Each structure stands twice: as structure tokens, then as C-alpha cells.
Amino acid sequence: MAIIRKTVLLGLGLASLAKERRDKVVDDLTRRGEAARQDRFKTVDTLLKEAEKREGEFAQKATGKVRKVMTGLGLSTKKDLEEVTKVLTSIEQRLSPADDKKVG
1 MAIIRKTVLL GLGLASLAKE RRDKVVDDLT RRGEAARQDR FKTVDTLLKE AEKREGEFAQ
61 KATGKVRKVM TGLGLSTKKD LEEVTKVLTS IEQRLSPADD KKVG
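The working numbering puts the first residue of the sequence shown at 1, with every later residue one more than the last.
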């Protein structure tokens, strides 16, 4: 589970770094007069959309890698555990009437 935590923290760190860099670029452009005030907001919106897109791509890649590691380690998924629980419940239900007949 430590790898999952580290992956999430890495994603958050990258998002924070991207925001800081975006703000710096926009401030630099505005200071140089290369971007008017209206353009600054448009630029920020464009950069935010791109950052969100990349964040989503990163999250998908991270999730895929975590799943691959879990599979490689032989760890069960939630779905696997739910299937095992269903099978065990079914077995318990089949055995329960048999136990009642033996006792009674």
C-alpha cells in the first residue's frame, strides 16, 4: 500500500508544481507586456485545461501501474474477494440444511 500512497503524493506534487510554473509563466508574460490582462485569463484557462488533461492521463497510468504491481505480487482485488465471498456463502447455504438434518 505504500506504493499507492507514494503514487498519489507524486501526483499531487506534480499538480502543485504545474500550477506554480503556470503562474510564473503567466506573470512573466504579463510583466513583459506580451499578454494583455484579458489574454492572461485566457492563457490561464488554457493552461488549466491542459494541466487537468495531463493529470487525468497521469492518474490513468498510475492506476494501471499499481494494478500491474498488485497482479505481479499476487494480491487479490476487491472483485476477487467479492467472488470468493459469494462462493463461500453458497457453500454455507448448501451445508446448512444438511447440518440441520444430521442434528434433528
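For every residue, glycine included, the Cβ atom is placed at its ideal position computed from N, Cα and C.
All values reported here derive from a predicted model rather than from experimental measurement.
With distances taken between CB atoms, is the gap from residue i to residue j smaller than 8 Å?
i	j	result
Thr46	Val26	no
Nearest-angstrom Cα distance between residue i and residue j?
i	j	result
Glu57	Glu20	20 Å
Gly72	Leu81	17 Å
Lys68	Lys24	37 Å
Thr63	Ile91	34 Å
Leu48	Asp39	14 Å
Gly55	Lys79	The sequence given here has Glu at residue 55, not Gly. Taking the straight line joining both Cα atoms gives about 26 Å.
Thr77	Thr89	18 Å
Arg31	Lys53	28 Å
Would you mind listing the alpha helix (DSSP H) stretches within the stretch 34-104 that are 4+ residues and don't spill past its ends, in chain order?
Restricting attention to alpha helix (DSSP H) runs no shorter than 4 residues, the stretch 34-104 encloses them at 37-73 and 78-103, ordered along the chain.
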